[in-house]
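Enquirer: Following this message is one structure expressed as structure tokens.
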Amino acid sequence: MSDNQPSTQTENGELSAVDLLRFTTAGSVDDGKSTLIGRLLYDSKNIFEDQLEAIETSSRSRGDENVNLALLTDGLKAEREQGITIDVAYRYFATPKRKFIIADTPGHIQYTRNMVTGASTANLAIILVDARKGVIEQTCRHSFIADLLRIQHVVVAVNKMDLVDYSEEVYEGIVARFKEFSSRLNNLVDVSFLPISALHGDNVVEKSANMDWYSGPTLLYHLESVYIGADHNHVQARFPVQWVIRPHSDEYHDFRGYAGRVAGGVFKPGDEVQVQPSGFASRIKSIHTADGELSEAFAPQSCSILLEDEIDISRGDMIVKPNNPPEQGQDIGAMVCWFGDRQMRVGGKYALRHTTKEVKAIVRELSYKININTLHKIEDDQEFGLNEIGCVQLRTSAPLYYDSYKDNRITGSFVLIDEQTNETVAAGMII
Amino acid sequence: MHSYRLSHIQQLESEAIFVLRETAAQFEKPVLLFSGGKDSIVMAHLAFKAFHPSRLPFPLLHVDTGHNFPETIEYRDRFVEKIGARLEVALVQDSIDNGRVTEEKGADASRNALQTVTLLDALEAANYDAALGGGRRDEEKARAKERFFSHRDAFGQWNPKNQRPELWNVFNGRKQHGEHFRVFPLSNWTEMDVWEYIRHEGIDLPGLYFAHEREVVERAGSLLAVTDFISVRDNEKVEKKQVRFRTIGDATCTGAVESAAADLDHIIAEVAAARQTERGTRADDKRSETAMEDRKKEGYF
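Those protein sequences? They're chains A and B, same order as listed. Residue 1 is where the first sequence starts when you use my numbering, and the numbers rise one by one after that. Residue 432 is where the second sequence starts when you use my numbering, and the numbers rise one by one after that.
Written out as structure tokens, the structure reads:
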């Protein structure tokens, strides 16, 4: 095995130079989302000859005039037949500065479910606006979801600028309208605006020759340089236990490692810790990996924590620090997005998965729903079905140890599972 | 100020280890599908790291078409011993002998599609409820739609239009009796990431991945190795070339590329400059535009 420890970036030169940005794309049907992704991949030379040949052949047989870059992202048979994207697809590309993971989310069928899914792991969201249509209901919806899922960085890409004669006036009007609307969203802090044409490549990778009035960066430059250093919580120490490693071998006779991935904060040998739910206190003896012991562990590192004292710890428990403990309780308020085909039942029981723990939960109340196109609260409607978002009060069968989603995306999120069908029916963000 | 950042390779490693541990914790009887190719080698290496210093809490399963390059089998046995894993082998030949499948006929005959039956039979016979695979989303367009935890019905089939949403790092591995999951810890890795990781970790690979001299024939744009398992046609010319393999699968459908890359640094430079995807050498993917999707729905890897 390598002697390189997966700890801080200074220790292993070359690999650390490249970091990772996960972003999601949102737009309504025909906003040119697939074309934009195709353009990013194509102009940054991340498309292979055999892929290009395959889409050239498909474009011809479909009767498309130009090579249809959108075909690069539509993978399933039904998607190609219908010319639409059905499910979230993940794409990968790299430049010398960064590696990128794109969650490409469809514009219509199951739009909310898919966008919420793609947004849950993203650092950045690109919201596409058709320059001819301006800020429409879907734009509001996409921005609301980015805000709800607390995506740190948002790029509003005003696309199809070629169809409005690259007009600065049209662009500025859309920017002003978006700013006016988004002032109602609390968490959208870093919003950037870009005028582009995905079809012709203006301001995607290459600077546009048609918009002298725009002096900002291209989309790719922005993606390469946006600061993402503060995207994990490095203050409140949280370590959900996944698995207990006990080798029972002669060499590691007394070894008892609590394996997991750090969900927040920094852990060091010697740190005083507390284990939930038992409340027992101990100290960290060492932090183990197959490459050797770590001097510190932080999110999102996988490691095993060994404690000074022998206490009973199993999967679903959480190791925390006593000076900064998580919230605990059985009454949970959360913003919930419903994914199930069957409506949520108030009074109904579901399995709830939170970090590595599973409990049962009863839906006590639907406090209100949100009209995600207007952001208005709806308080008198108790029907809660597919793609709806609302505020829900839950009672769990055992205490959860959690943080507010705004403080920690990992310890502040959960899913609900229908115990009859085993389907994931909802995503929840704890208030 | 101290910067708490992981490089992208460290993030991918941490994510894969998390998924491997979730698999061990959520399923009663997982198994790791091991072909002797680089992706399954990296996955087994990650599993070794995830549970260190204890042994792997699941065995490795090799679905053996019988059409192997001999180097693959030698490597497999050495590797399994080194990481202290248990190995099980399911033979496609057994499925043929007991009449579960019929061998394809003709010059393009391959046992690639037959593997699915052998795999599903092996999973069912031993009650495996999760099969870890080395599939990556960047490999192929249908794979781009895969989840980390991918549900399979009682017939082993994948329903790409109705997959469970997968949010944050919460994985739902619940299932009915008789159903199983495919789990893909390397979902977010690219071919380049796999090679960089192999170099970073100093992982030993089968010699097939490095440039060597070999007799090949050119067929449908790929260079196929001349072995006992393929029949050379009259119009084909056997040539000796310096080649290496970008993927290793069944010897009848895995093409080689001409290359002088004899070590990892040169391979990485070659991958960086490559203008063809690695599955561009796989005849099994070229049977139709949706060859992979069709096979995956049936229960392929």
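A virtual CB, placed ideally from N, CA and C, is assigned to each residue, including glycine.
Sorted by chain position, which residues of the same chain lie with C-beta nearer than 8 Å to B:E667's C-beta, five sequence neighbours on each side aside?
Expert: Excluding residues within five positions, the ones whose Cβ falls inside 8 Å are V648, E649 and R650.
Enquirer: Could you tell me the distance, in whole angstroms, from the CA atom of A:T356 to the CA atom of A:V241?
Expert: Roughly 7 Å separates the two Cα atoms.
Enquirer: If we define contact as Cβ-Cβ less than 8 Å, is A:L20 a contact residue for chain C?
Expert: Although the question refers to chain C, the structure presented lacks it and instead comprises the protein chains A and B.
Enquirer: State the start and end residues of the unbroken alpha helix (DSSP H) segment that holds A:V262.
Expert: Premise fails: A:V262 is in no alpha helix (DSSP H) and is neither H nor E.
Enquirer: Would you mind listing the beta strand (DSSP E) stretches within the stretch 245-328 of chain A that are 3+ residues and don't spill past its ends, in chain order?
Expert: Complete beta strand (DSSP E) runs here, min 3: 257-261, 272-276, 281-289, 302-307 and 318-320.
Enquirer: Would you give the residue range spanned by the beta strand (DSSP E) that A:V189 belongs to?
Expert: A:V189 -> no beta strand (DSSP E), and no H or E assigned at all.
Enquirer: Given this structure, state the Cα-to-Cα distance separating A:F298 from A:V175, to the nearest angstrom.
Expert: One C-alpha to the other measures close to 38 Å.
Enquirer: Can you give me the C-alpha to C-alpha distance between B:I679 and B:F615, rounded to a whole angstrom?
Expert: For B:I679 and B:F615, the distance between alpha carbons rounds to 18 Å.
Enquirer: With a floor of 4 residues, list each alpha helix (DSSP H) that falls wholly inside the stretch 139-176 of chain A, ordered by position along the chain.
Expert: If we require 4 residues or more, the stretch 139-176 of chain A turns out to have no alpha helix (DSSP H) run fully inside it.
Enquirer: Taking a Cβ distance cut-off of 8 Å, strictly less, list which residues of the stretch 140-155 of chain A are near chain B, in chain order.
Expert: Of all residues in the stretch 140-155 of chain A, none has a Cβ within less than 8 Å of some Cβ in chain B.
Enquirer: Examine chain B for any beta-carbon lying closer than 8 Å to the beta-carbon of A:G229, and answer yes or no.
Expert: Closer than 8 Å to some Cβ of chain B, the Cβ of A:G229 qualifies, so yes.
Enquirer: So for A:F342, helix, strand or coil by DSSP?
Expert: It is worth fixing the name first, because residue 342 of chain A is Arg in this sequence and not Phe. Coil, per DSSP.
Enquirer: Does any residue of chain B have a CB that is nearer than 8 Å to the CB of A:E423?
Expert: Cβ-Cβ to chain B under 8 Å: yes for A:E423.
Enquirer: Helix, strand or coil: how does DSSP classify B:W620 here?
Expert: The answer is coil: DSSP assigns B:W620 none of H, G, I, E or B.
Enquirer: Going by DSSP, name the residue or residues bridged to B:G734.
Expert: Because chain B spans 432 through 732 in this model, residue 734 of chain B falls outside it and cannot be assessed.
Enquirer: Answer yes or no: does any C-beta atom of chain A fall closer than 8 Å to that of B:S690?
Expert: It does not: the Cβ of B:S690 has no partner Cβ on chain A nearer than 8 Å.
Enquirer: If you measure beta-carbon to beta-carbon, which residues of the stretch 617-650 of chain B are closer than 8 Å to chain A?
Expert: Residues S618, N619, T621, M623, D624, E627, H631, E632 and G633.
Enquirer: If you compare alpha carbons, which of B:R677, B:F676, B:T658 and B:V674 is closest to B:T683?
Expert: The residue with the shortest Cα to Cα distance from B:T683 is B:T658.
Enquirer: What distance in whole Å lies between the Cβ atoms of A:S59 and A:N68, which are believed to be in contact at a cut-off of 8 Å?
Expert: At roughly 4 Å, the Cβ-Cβ gap stays under 8 Å, so A:N68 and A:S59 are in contact.
Enquirer: So, is A:W213 buried or exposed, given that buried needs 16 or more other C-beta atoms within 10 angstroms?
Expert: Exposed, because fewer than 16 other Cβ atoms sit within 10 Å of the Cβ of A:W213.
Enquirer: Indicate the three-state DSSP secondary structure (helix, strand or coil) for B:M432 in the structure shown.
Expert: Confidence in B:M432 is poor, its pLDDT being 47 and thus under 50, which makes the residue's placement unreliable; the coordinate value appears in the next sentence. DSSP places B:M432 in coil when its eight states are reduced to three.
Enquirer: Does any residue of chain B bring its CB to less than 8 Å from the CB of A:S120?
Expert: Taking Cβ atoms only, chain B reaches closer than 8 Å to A:S120, which makes this a yes.
Enquirer: Within 8 Å of any Cβ in chain A, is that where the Cβ of B:A704 sits?
Expert: No, B:A704 lies away from the interface with chain A (no Cβ there is under 8 Å from its Cβ).
Enquirer: Is the beta carbon of A:R141 sitting closer than 8 Å to the one on A:I372?
Expert: Yes, the pair counts as a contact, with Cβ atoms nearer than the cut-off.
Enquirer: Tell me which same chain residues have a C-beta within less than 7 Å of the C-beta of B:R630, skipping the five on either side of it?
Expert: So the list reads L695 and I699, once near-sequence residues are dropped.
Enquirer: Opposite A:L36 in the DSSP bridges: which residues?
Expert: Answer is none; A:L36 lacks a bridge partner.
Enquirer: Can the beta-carbon of B:V688 be found less than 8 Å from the beta-carbon of B:V674?
Expert: In this structure, B:V674 lies closer than 8 Å to B:V688 by Cβ.
Enquirer: Would you please verify whether the beta carbon of B:Q588 is less than 8 Å from any beta carbon of chain A?
Expert: It does not; no Cβ of chain A falls within 8 Å.
Enquirer: Residues bridged to B:E534 by DSSP?
Expert: B:E534 pairs with nothing; no bridge assigned.
Enquirer: Can you tell me the Cα-Cα spacing of B:F735 and B:L617, whole angstroms?
Expert: What the structure shows of chain B is the stretch from 432 to 732, and residue 735 of chain B is not part of that stretch, so it cannot be assessed.
Enquirer: Give the C-beta separation of A:Y258 and A:S304 to the nearest angstrom, bearing in mind that I take them to be a contact with Cβ-Cβ under 8 Å.
Expert: Confirmed, about 6 Å.
Enquirer: Can you tell me the Cβ-Cβ gap for A:F280 and A:I311, rounded? I've got them flagged as a contact below 8 Å.
Expert: That belief holds up - the Cβ atoms of A:F280 and A:I311 are roughly 5 Å apart, short of 8 Å.
Enquirer: Is the beta carbon of A:I127 sitting closer than 8 Å to the one on A:V156?
Expert: Contact: yes.
Enquirer: Determine the direct distance from the alpha carbon of A:L220 to that of A:S16, and round the result to whole angstroms.
Expert: Note that A:S16 scores a pLDDT of 40, beneath 50, so its modelled location is shaky; the value from the coordinates is reported in the next line. Answer to the nearest angstrom: the Cα atoms are 20 Å apart.
Enquirer: Does the distance from the C-beta atom of A:L149 to that of A:A103 stay below 8 Å?
Expert: No, they are not a contact pair.
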